[in-house]
Amino acid sequence: MQIYVFLGAPGAGKGTAAARIANDADIHHVSTGAMLRDAVKNGTPAGLSAKKYMDKGTLVPDQVLVDMLGELLSTSKKDATIILDGFPRNENQALQLDELAAKHGATVKAAIDIEAPNELLISRLGGRQVCPSCGMGYHVTNMPPKREGVCDKCGTALITRNDDKPETIKKRLEVYAEQTAPLIGLYKKAGKLRTVNGADEADKVAKKIAAIIKG
Ligand code: AP5
Numbered sequence: 000m001q002i003y004v005f006l007g008a009p010g011a012g013k014g015t016a017a018a019r020i021a022n023d024a025d026i027h028h029v030s031t032g033a034m035l036r037d038a039v040k041n042g043t044p045a046g047l048s049a050k051k052y053m054d055k056g057t058l059v060p061d062q063v064l065v066d067m068l069g070e071l072l073s074t075s076k077k078d079a080t081i082i083l084d085g086f087p088r089n090e091n092q093a094l095q096l097d098e099l100a101a102k103h104g105a106t107v108k109a110a111i112d113i114e115a116p117n118e119l120l121i122s123r124l125g126g127r128q129v130c131p132s133c134g135m136g137y138h139v140t141n142m143p144p145k146r147e148g149v150c151d152k153c154g155t156a157l158i159t160r161n162d163d164k165p166e167t168i169k170k171r172l173e174v175y176a177e178q179t180a181p182l183i184g185l186y187k188k189a190g191k192l193r194t195v196n197g198a199d200e201a202d203k204v205a206k207k208i209a210a211i212i213k214g
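Numbering-wise, numbering that gives the first Met the number 0 puts 91 at position 92 of the sequence shown, and it's gapless, one number per residue.
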């Protein structure tokens with residue numbers, strides 16, 4: 000099992016790039032944010048405990064995520080290539096990922112940091128629309144759907160995420176700077192850091208990352 004960690008602030012384009020790459024190849028896109036949103040929607044115990052943190056823009060307790068990820072790795076194929084979009088998000092989660100990887104015979108091949116300036120992140124998140132059914136992401140001006148408010152892929156009405164309100168966006172960016180950005184140095188020290196410019200056009204970002212994964 001080969002794991003590629005996607006680092007990058009909220010709105011950097013992790014989900015957008017991962018969806019494009021996973022579409023074109025036999026690569027499994029695992030978004031911990033999407034897993035949590037599903038758990039909230041389904042009213043599971045993990046979802047019920049996660050909702051209050053997500054609505055505030057803070058991190059859900061590590062153990063909830065470690066349990067989810069452990070379950071996922073234990074049911075993944077041994078030859079799978081996995082994009083981890085949204086995990087790890089702090090130093091403890093990075094340590095836990097190494098332990099889980101060792102336990103399941105997986106290797107963290109690289110951490111790909113998608114960089115973008117704060118003004119761009121704020122304007123992207125402020126205009127984001129998502130499909131609650133298939134998870135496809137759009138932007139009202141940058142990446143609009145063909146029919147306003149309707150998912151191109153599955154025809155479901157698009158929604159705005161609960162945590163894309165201005166005050167929650169601000170909090171998420173602060174949490175990223177404090178807790179997740181330090182992982183960039185950690186993976187750099189381990190010789191696993193790769194950086195791409197997230198301000199580039201979405202297809203270009205995806206192509207650059209796909210090339211890193213193909214080696
Ligand atoms: P999560 O769902 O992971 O949110 P996030 O990290 O804040 O990232 P986003 O999904 O907001 O941004 P993205 O980089 O994927 O951007 P996107 O591609 O959508 O997490 C949500 C919450 O869950 C967290 O706050 C936390 O509470 C909890 N959580 C999740 N994982 C956790 C963990 N490990 N531990 C603890 N808690 C956890 O793009 C954004 C917009 O920009 C879109 O509109 C898109 O169309 C547009 N866009 C993207 N790329 C481009 C481009 N290149 N050019 C033009 N527009 C673009």
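Ideal Cβ placement from N, Cα and C applies to all residues, glycine included.
Just so it is clear, the structure is predicted and the values come from calculations on it, not from any experiment.
Of the residues the options, which one's Cα is nearest the Cα of residue i?
i      : options                          : result
Lys81  : Ile121, Leu124 and Ala18         : Note that residue 81 is Ile in the sequence shown here, rather than Lys. Looking at the Cα atoms, Ala18 is the closest of the given residues.
Leu35  : Asp61, Ala11, Asn22 and Ile20    : Asp61
Glu118 : Leu71, Lys188, Gly10 and Val65   : Gly10
Ala180 : Leu6, Lys152 and Ala16           : Leu6
Ser132 : Tyr52, Thr43, Leu83 and Thr159   : Thr159
Met238 : Glu70, Lys13 and Val174          : Past the boundaries of the shown model lies residue 238; the chain is included only from 0 to 214, so the question cannot be answered.
Leu4   : Leu182, Ala201 and Glu200        : A small fix is needed here, since residue 4 is Val in this sequence, not Leu. Ranking Leu182, Ala201 and Glu200 by Cα distance to Val4 puts Leu182 first.
Leu96  : Pro116, Ala109, Leu68 and Ala115 : Leu68
Asn141 : Cys153, Leu83, Thr167 and Gly126 : Gly126
Under the criterion of a Cβ to heavy atom distance below 7 angstroms, does residue i qualify as lining the ligand AP5?
i      : result
Pro87  : yes
Gly7   : yes
Asn141 : yes
Asp66  : no
Gly71  : The sequence given here places Leu at residue 71; Gly does not occur at that position. Every heavy atom of the ligand AP5 is 7 angstroms or more from the Cβ of Leu71, so no.
Ser48  : no
Ser30  : yes
Arg127 : yes
Leu124 : yes
Met0   : no
Thr15  : yes
Arg193 : no
Tyr137 : yes
Ala11  : yes
Check residue i in the structure and name its three-state DSSP category.
i      : result
Gln160 : Before going on, a small fix: residue 160 reads as Arg here, not Gln. In this structure, Arg160 counts as coil in the three-state DSSP scheme.
Lys55  : helix
Lys111 : According to the sequence shown, residue 111 is Ile rather than Lys. Strand, per DSSP.
Val195 : strand
Gly69  : helix
Asp151 : coil
Ile211 : helix
Val139 : coil
Ser48  : helix
Ile2   : strand
Alpha carbon to alpha carbon, how far is residue j from residue i? Give it in angstroms, no decimals.
i      : j      : result
Arg123 : His138 : 7 angstroms
Ala198 : Ile121 : 12 angstroms
Ser30  : Gly104 : 21 angstroms
Gly46  : Leu58  : 13 angstroms
Ile111 : Gly148 : 31 angstroms
Ala100 : Leu185 : 17 angstroms
Asn196 : Ile113 : 6 angstroms
Ala38  : Asp202 : 30 angstroms
Ile211 : Pro87  : 19 angstroms
Lys25  : Ala209 : Note that residue 25 is Asp in the sequence shown, not Lys. Rounded to whole angstroms, Asp25 to Ala209 spans 11 angstroms at the Cα level.
Leu157 : Glu200 : 22 angstroms
Lys145 : Asp151 : 6 angstroms
Pro143 : Lys102 : 42 angstroms
Quiz item: Are the stretch 70-80 and the stretch 186-197 in contact at 8 angstroms, needing three or more beta carbon pairs?
Solution: When Cβ pairs closer than 8 angstroms are counted between the two stretches, the stretch 70-80 is seen not to touch the stretch 186-197, the count staying below three.
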